[in-house]
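These notes concern the structure reproduced below.
Following this line, the structure appears as structure tokens:
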């Protein structure tokens, strides 16, 4: 389903992509909205509207959907949660507080789940499956989404802070702010008009332009902290999933995507580095311990029909068909698929 917010922010028109059929336009009551964000799965029409007057949450089987809740928070930047589709992350204009907001239990009303104050105003927000990325004038702060567990202490954990201006030449860091004479980091530009490229942290890359098998041997061990951490996080998440008696709708499928990504990307890269002798002695021990831990998870992997890890260099394994999922054109945004994709998953 494509959701189109009018230029004046006073109406939303859904368009069914399967047949390009325009549905009834929903009139926005109250103040106009600046942006719209739609759920990435499910048959219902479901979206959030954001603006200086706050957040409004709508959901229903047809258009116009019913308004299910609202919060009076000045919203200048926002990002959705691709796993917990009722949740959003927002910050106000020139405000350094990041809010996690969600629908109340039962789907009626909204509440603030958690908040965290950063060192300076938040200019851009982005998310992936497990992380929130908040860009300020000087830093990119990585925080945890905690889509299933929530925030029992009422704060959003900060995982990593990158000062992207620290590496700029002397005198070129410029005054604070995007587009105010200073140098911007890659993917960060004028805060009012462009987007931030929210990208997960990467370990040292293999030489571009050649295959992994022909990469030159380096005398300096590569940094694999992030790769190890991502795989360890997925191992812990699988153990928590296996300990549950009941799973939320789509929880198993959403995890299978993150698991497959970790194995096909992070684990495969670790195997390559190990095979080429690029790991330090300490990292080599950590990698072998991680492999031992993965080998103990065969029963859980089979139970949830996940891809099995491969510990030798070669093409990544394909996951088994996972019958519980639905597919979307985008992880979360204005594009949302309104029915199941008939193509099988591999």
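Residue numbers (UniProt numbering): 1 to 346. Quick reminder that beta carbons are idealized off the backbone N, C-alpha and C, glycines included.
The beta carbons of residue 55 and residue 101 sit closer together than 8 Å. Note on geometry: alpha-carbon atoms of residue 5 and residue 52 lie some 16 Å from one another. For residue 162, the enclosing beta strand (DSSP E) has its first and last residue at 158–163. Buried is the label assigned to residue 63, since at least 16 other Cβ atoms lie within 10 Å of its Cβ. With at least 16 other beta carbons inside 10 angstroms of its own, residue 121 counts as buried.
In the three-state reduction of the DSSP assignment, residue 59 falls in the strand class, which pools E and B. In chain order, 147 and 254 place their CB closer than 6 Å to the CB of residue 83, counting only its own chain and leaving out the 5 sequence neighbours on each side. Every beta strand (DSSP E) of 3 residues or more that sits fully in the stretch 63–137 is shown, in chain order, as 66–71, 77–80, 88–91, 97–103, 110–117, 124–127 and 131–135. Annotation: the continuous alpha helix (DSSP H) that includes residue 231 extends over 225–243. Using a 10 angstroms sphere on the CB of residue 14, the tally of other CB atoms reaches 16 or more, which defines it as buried. For residue 31, the secondary structure class from DSSP, reduced to helix, strand or coil, is coil.
Following the DSSP letters along the chain, one finds residue 271 inside the alpha helix (DSSP H) bounded by residues 268–275.
Restricting attention to 78, 30 and 278, the CA atom closest to the CA of residue 93 is found in 78.
Per DSSP, reduced to three states, the secondary structure at residue 253 is helical. Distance from the CA of residue 29 to the CA of residue 251, rounded to the nearest whole angstrom, comes to 34 Å. Residue 256 counts as buried, since at least 16 other C-beta atoms from the protein chains shown sit within 10 angstroms of its C-beta. In this structure residue 244 is exposed. Its beta-carbon is surrounded by fewer than 16 other beta-carbon atoms within 10 angstroms.
Between residue 16 and residue 10, the CB-CB gap reaches or exceeds 8 Å. Residue 113 is positioned such that its CB atom lies closer than 8 Å to that of residue 150. Annotated as distal: residue 116 and residue 131, with beta-carbon spacing of 8 Å or more. In summary, residue 309 is buried, with 16 or more beta-carbon neighbours lying within 10 Å of its beta-carbon over all protein chains present. The residue from 267, 302 and 304 with its alpha-carbon nearest to that of residue 290 is 267. In the three-state scheme derived from DSSP, where H, G and I count as helix and E and B as strand, residue 279 is classed as coil. In the DSSP assignment, residue 302 falls within the unbroken alpha helix (DSSP H) covering 298–303. Assignment of beta-bridge partners to residue 246 by DSSP yields no partner. It is roughly 35 Å from the alpha-carbon of residue 288 to the alpha-carbon of residue 166. Between the alpha carbons of residue 73 and residue 91 lies a gap of roughly 8 Å. Here residue 285 is exposed: its Cβ has fewer than 16 other Cβ atoms, across all protein chains shown, within 10 Å.
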